[in-house]
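In my numbering, the protein residues as written are 1 to 344. All C-beta atoms in this analysis are idealised placements derived from N, C-alpha and C, irrespective of residue type, glycine included. Encoded as structure tokens, the structure appears first; notes follow it.
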């Protein structure tokens, strides 16, 4: 009888232990299952998001580089958890997003690569010359206005082929924002837009699309985020800034442009940094912020806040090799303040 009671007691202990192990295994399984966050948009920021995806451990990040315009459309439709754009949203886009905020989370530059026979790296160009090329006024690479600022460079009598983004693009916005700042004619005839009506040239989709098109187009010129230009090993133009210096896009020149931001005055975090003050002689003139767009109220608020908060802080270190520079302090403060508003 005593032996029977001992066996029963032992079985009870084993049963309790087995139940405990089952519960612990269940809890371990629950904690090891990461939440997934789905995003779409900017091709400009895609290389940096890829780095973030590789190094961030808090959630599974799935990002589709479909262009800024498509990214905004998808977050408006709530088919993704976050959108990404290199252009700040318009009033109508905010309205259609039904309670979204935009948060600056990266900063880099738009480069001007070209494919001109016999011409090496660092051809000098100015904002007005670029505007006149894309307006169709300057048609040959040996135009006197280009020759005047490139003494000693043998420029061919080759047709200039402007290449532009055919899809809705924040890079197009950044480029045309710059052209609107340096050319009154461009501002009045075309203006700034994510999908402007370019008067001349040929179109291609995405950053990789215009970069590839340039490679196959003799006499071509385009605008593309600097990481793509370096990836394809294209020759990149030096642009004259407001201090009169001809500058290449680099970590140093992009950082110099970023340092001109002293405060963020707009509640929607829309910031334009093109053609910065002549007090920044080392600044590259076509720089841009890129934004993540998130609903103010979302069931995934905790995971989104954790990921975006990490991107704004620890994640910034992964941008330098891609020519993204850390956000200026006033911008980071504004970004974190907006991030805090997101809730379930």
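Can you name, in chain order, every residue of its own chain whose Cβ lies under 8 Å from the Cβ of residue i, other than the five neighbours on each side?
{"i": "residue 161", "result": "201, 202, 217, 218, 219, 220, 221"}
{"i": "residue 163", "result": "201, 202, 203, 204, 210, 213, 214, 217, 220, 221, 222"}
Closer than 8 Å, CB to CB, is residue i near chain B or not?
{"i": "residue 203", "result": "Among the chains in the structure shown there is no chain B, since it carries only a single protein chain."}
Would you kindly report the start and end of the unbroken alpha helix (DSSP H) that includes residue i?
{"i": "residue 188", "result": "184-189"}
{"i": "residue 69", "result": "68-76"}
{"i": "residue 309", "result": "301-312"}
{"i": "residue 251", "result": "251-258"}
{"i": "residue 127", "result": "127-135"}
{"i": "residue 92", "result": "91-97"}
{"i": "residue 195", "result": "Run containing residue 195: none; DSSP gives neither H nor E here."}
{"i": "residue 226", "result": "226-231"}
{"i": "residue 328", "result": "Note, residue 328: premise wrong, no alpha helix (DSSP H); not H, not E."}
{"i": "residue 51", "result": "46-55"}
Hey, out of the options, whose CA is closest to residue i's CA?
{"i": "residue 199", "options": "210, 208, 186, 205", "result": "186"}
{"i": "residue 324", "options": "105, 152, 96, 34", "result": "105"}
{"i": "residue 128", "options": "276, 179, 238", "result": "179"}
{"i": "residue 91", "options": "33, 78, 72, 64", "result": "72"}
{"i": "residue 285", "options": "197, 319, 108, 307", "result": "108"}
{"i": "residue 143", "options": "157, 273, 67, 271", "result": "157"}
{"i": "residue 257", "options": "326, 292, 93, 283", "result": "283"}
{"i": "residue 115", "options": "194, 86, 232, 43", "result": "232"}
{"i": "residue 175", "options": "339, 251, 134", "result": "134"}
The beta strand (DSSP E) that contains residue i, what's its start and end?
{"i": "residue 238", "result": "238-240"}
{"i": "residue 291", "result": "287-295"}
{"i": "residue 105", "result": "100-111"}
{"i": "residue 63", "result": "59-65"}
{"i": "residue 82", "result": "82-85"}
{"i": "residue 204", "result": "202-204"}
DSSP state of residue i, grouped into three classes?
{"i": "residue 343", "result": "strand"}
{"i": "residue 121", "result": "coil"}
{"i": "residue 23", "result": "Unreliable placement is indicated for residue 23, whose pLDDT of 38 sits below 50; no coordinate value is reported for it."}
{"i": "residue 173", "result": "helix"}
{"i": "residue 215", "result": "helix"}
{"i": "residue 159", "result": "strand"}
{"i": "residue 15", "result": "Note on residue 15: pLDDT 43, under 50, position unreliable in the model; no value is reported."}
{"i": "residue 37", "result": "strand"}
{"i": "residue 32", "result": "At residue 32, the pLDDT of 47 sits below 50, so the modelled position is not reliable; the number obtained from the coordinates is stated separately. Three-state DSSP puts residue 32 in a helix."}
{"i": "residue 164", "result": "strand"}
{"i": "residue 149", "result": "coil"}
{"i": "residue 223", "result": "coil"}
{"i": "residue 114", "result": "strand"}
{"i": "residue 154", "result": "coil"}
Using a Cβ-Cβ cutoff of less than 7 Å, which residues in the same chain neighbour residue i once the five nearest sequence positions on both sides are dropped?
{"i": "residue 304", "result": "37, 81, 82, 294, 298, 342"}
{"i": "residue 263", "result": "330"}
{"i": "residue 113", "result": "214, 222, 224, 229, 234, 235, 236"}
{"i": "residue 168", "result": "67, 68, 69, 70, 194, 195"}
{"i": "residue 155", "result": "119, 141, 142, 146, 147"}
{"i": "residue 21", "result": "Only weak support is given to the placement of residue 21: the predicted model assigns it a pLDDT of 35, under 50, and the value that follows is read from those uncertain coordinates. For residue 21, where only same-chain residues beyond five positions count, there are no Cβ hits under 7 Å."}
Leaving out five residues before and five after residue i in sequence, what residues of the same chain have Cβ atoms less than 6 Å from its Cβ?
{"i": "residue 126", "result": "240"}
{"i": "residue 2", "result": "Only weak support exists for where residue 2 lies, its pLDDT of 44 falling under 50; the coordinates are left without a value."}
{"i": "residue 60", "result": "34, 36"}
If I'm right that residue i touches residue j with Cβ under 8 Å, what's the distance once you round it to whole angstroms?
{"i": "residue 226", "j": "residue 314", "result": "Rounded, the Cβ-Cβ distance is 23 Å, inconsistent with contact."}
{"i": "residue 290", "j": "residue 101", "result": "Incorrect: roughly 15 Å between the Cβ atoms, too far for contact."}
{"i": "residue 52", "j": "residue 301", "result": "At roughly 19 Å, the Cβ-Cβ gap does not stay under 8 Å, so residue 52 and residue 301 are not in contact."}
{"i": "residue 77", "j": "residue 170", "result": "Between residue 170 and residue 77 the Cβ distance is about 19 Å, and since that is not below 8 Å, they are no contact."}
What do you reckon, is the C-beta of residue i under 7 Å from a heavy atom of the ligand SAM?
{"i": "residue 215", "result": "The ligand content of the structure shown is nil, which means the ligand SAM is not present either."}
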